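Count along the sequence shown from 1, then add 24; that gives the number in this note's numbering.
We put the beta carbon where it would ideally sit given N, CA and C, even for glycine.
No experiment lies behind these values; they were computed from the predicted model shown.
Structure record follows, encoded as structure tokens.
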Amino acid sequence: MGPPPLLSIVVTTHSGRANATAELVNNLSAQSKILGNYDGQLCEIIVVDDASFPPFSPPQPVAVPVIRFDHNIGAPAARRAGCNASKGAFIHFHDSDDQVPTEWLIRIVSALQESVQPDLLITARMRSNGHAQADRLVVPRYVARNSGNVLRLRNYLTYENAIGPLGGVTFSRRAVE
């Protein structure tokens, strides 16, 4: 058993998102392979299936762990379950309907490998409404503006879906705990 991964990506999903989840997992897996992440030292991807019907199963040949709940526990509890199962020094919570741009994972890992490791890394994400031409890059501006005010930021993230919207934020494990 080797060292824990640098980054854990927790993807939460529920009914009606099977295609978007599969697309996101495929994209993250492909970017992970470009990183040379074959041994899992850099990144792990964990899917939390919050009682979707039919149950989510990873697209072949991608092998990612899936935590499945038989009844809906809600996004905050699903994120917590994924966090508890994760091993990374950094944790990124990602909703299954938000896609990632090309080289997104590569840029995050590069930033996290720098000598000064942050407690909070703000990134962009692709917001999708199901129409490919409507996908757009979104940067969480409120989070960026208030990154220096921990209390304000914590209150905002607690208010917004108990820890969310998080598709554009990566946390150190220390900050999450």
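{"query": "Helix, strand or coil: how does DSSP classify residue 55 here?", "result": "helix"}
{"query": "Can you give the beta carbon distance from residue 72 to residue 88, rounded, assuming they're within the 8 Å contact cut?", "result": "That belief does not hold up - the Cβ atoms of residue 72 and residue 88 are roughly 11 Å apart, past 8 Å."}
{"query": "Between residue 101 and the ligand PLP, is there a pair consisting of the residue's CB and a ligand heavy atom that are separated by less than 6 Å?", "result": "Among the components of this structure there are no ligands whatsoever, and the ligand PLP is therefore not found."}
{"query": "What separation, rounded to the nearest whole angstrom, lies between the Cα atoms of residue 132 and residue 38?", "result": "26 Å"}
{"query": "Is the CB-CB distance between residue 75 and residue 91 below 7 Å?", "result": "no"}
{"query": "Leaving out the 5 sequence neighbours to the left and right, which residues in its chain are closer than 7 Å to residue 135 when beta-carbon positions are compared?", "result": "145"}
{"query": "Would DSSP call residue 66 helix, strand or coil?", "result": "coil"}
{"query": "So, helix, strand or coil for residue 97, using DSSP?", "result": "coil"}
{"query": "Measure the alpha-carbon distance for residue 106 versus residue 33 and round it to whole angstroms.", "result": "9 Å"}
{"query": "Classify residue 41 as helix, strand or coil using the three-state DSSP reduction.", "result": "coil"}
{"query": "Per DSSP, which one or two residues make a beta bridge with residue 115?", "result": "32, 195"}
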